[in-house]
Ligand SMILES: Cc1cc2nc3c(=O)[nH]c(=O)nc-3n(C[C@H](O)[C@H](O)[C@H](O)COP(=O)(O)OP(=O)(O)OC[C@H]3O[C@@H](n4cnc5c(N)ncnc54)[C@H](O)[C@@H]3O)c2cc1C
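Numbering (the working numbering), first residue to last: 758 to 1127.
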């Protein structure tokens, strides 16, 4: 029987696996894809995670991530507002970051099964019964770190799976002429697009859009021509950049609806516990932070073979709520200012006329360094 099983090898899964393995647990991680691979993400990481990553030898210095210090926001019609970032962040591709952490997981003694998808989980009151595309096995403890979409949520009958999932995400890597220390968020009808530097003189261009628009125009290309490029800043980027992927990375059908951090005794981490709107640039930091909180809770409540499951679940749910709930709520509310002609103009006007308002929103969408 496996001691701790982690489903999903993104940031939440990999960081938990490293921390728990270093604490002496026997950890097995299942990742359905093979490293390295591209993933839809704006690739801007809040500096709140830097002290933690450095303290554990997990900061990816050797890729020389970009340092992001200022923020630009434009309305649908191209009105613009800029201000320095209060905490700032760094930029690195998920292609390199996830590969780097995967290598750290192997070095830390984690048993990693790549190209292995977990397809079923059941809890019998004492242990979990799991199956993958190749085998069935049992485990004492299971961490769900499988991201924002996937069949497992439906199998667990999680509440939010019965609601609408109206969003899509699209990502490119590009070469372009843009300041390396700036992150910009450009609005377009029903969505917004970020641009910021990553490593190797490349830039990430990534947007959140709606499935409705995609359905209306029939293809990503047509939607970009008719909707995304209507913002003059985005038109300029599309017209004057070299696009480095043959086709964009796309994810379809997800939502920002609240989720539970423990479901049928599976301890959820990262996006599987709660997805913050990307305008906050905080999903990756939350995935890393939730991995830390969860590993500490497990360490306190799983000694030798004695697992205090109820206490562990209570402590984790409570710490998760205290640390992340407000941020998720602010993110959901702030997102209402984006993606429409009227509200995006109001947002630029408000930020231009009240720096205090702009900084208050900014501060509430990220956490403190840990
Ligand atoms: C458009 C967009 C832009 C974003 N931009 C930013 C940004 O700039 N900054 C930021 O901080 N956050 C951003 N985010 C959010 C960020 O990408 C996520 O919060 C972060 O990736 C969460 O990490 P995770 O480990 O929880 O999930 P993931 O990184 O998604 O990892 C989940 C892993 O589980 C694997 N998996 C799934 N199902 C199974 C299964 N059944 N069995 C085995 N493996 C499985 C997947 O292959 C994947 O590798 C953005 C999100 C979107 C949608």
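Quick reminder that beta carbons are idealized off the backbone N, C-alpha and C, glycines included.
From a predicted model like this one, the values you see are computed outputs, not experimental measurements.
As for any beta strand (DSSP E) of minimum length 3 sitting wholly inside the segment 814-856, the runs are 823-831, 837-848, ordered along the chain. Residue 1104 sits buried, since 16 or more C-beta atoms from the chains shown fall within 10 Å of its C-beta.
Residue side-chain check: residue 1040 places its Cβ nearer than 8 Å to a non-hydrogen atom of ligand 1. Apart from the 5 residues on each side of it in sequence, residue 929 sits with its Cβ closer than 6 Å to the Cβ of 962, 1000, 1002, 1005 in its chain, given in chain order. For the segment 1017-1069, the continuous alpha helix (DSSP H) assignments of 4+ residues that do not extend past its boundaries occur at 1040-1058, in sequence order.
Between residue 1083 and residue 1121, the gap from beta carbon to beta carbon is short of 9 Å. Between residue 848 and residue 787 the beta-carbon gap is near 29 Å, outside 8 Å, which marks them as no contact.
The three-state secondary structure of residue 811, taken from DSSP, is helix. Judged by beta-carbon spacing, residue 1126 lies within the 9 Å limit of residue 806, meaning their Cβ atoms are closer than that value. Within the model, the alpha-carbon separation for residue 938 versus residue 895 is close to 48 Å. At the C-beta level, residue 947 and residue 967 come within 9 Å of one another.
The segment 895-912 and the segment 1020-1039 touch, with three or more beta-carbon pairs separated by less than 8 Å. Taken through DSSP and simplified to helix, strand or coil, residue 999 comes out as strand. Secondary structure note for residue 948: its beta strand (DSSP E) is the uninterrupted segment 948-954. No residue range can be given for residue 874, since it is assigned to no beta strand (DSSP E) and is classified by DSSP as neither H nor E. The closest heavy atom of ligand 1 lies less than 8 Å from the beta carbon of residue 802. Contact between the segment 766-786 and the segment 1044-1063 is present: three or more C-beta pairs spanning the two stretches fall below 8 Å. Taking 8 Å as the cut-off, one finds at least one heavy atom of ligand 1 near enough to the beta carbon of residue 1035. Exclusion of residue 969 from the 8 Å shell around ligand 1 follows from its C-beta lying no nearer than that to any non-hydrogen atom of the ligand.
Counting only residues of its own chain and dropping the five nearest sequence neighbours on each side, residue 990 has a CB closer than 8 Å to the CB of 831, 835, 837, 941, 943.
Following the DSSP letters along the chain, one finds residue 888 inside the beta strand (DSSP E) bounded by residues 885-889. In this structure, the CA atom of residue 843 is about 26 Å from the CA atom of residue 853. In this structure, residue 873 has its CB closer than 8 Å to one or more heavy atoms of ligand 1.
Closest by C-alpha distance to residue 934, out of 997, 979, 883, 1112, is 997.
In this chain, the beta strand (DSSP E) harbouring residue 801 covers 801-803.
A distance criterion of 8 Å places the beta-carbon of residue 984 beyond contact range of ligand 1, judged by its closest non-hydrogen atom. Residue pairing by DSSP places residue 896 opposite 759, 885 in a beta bridge.
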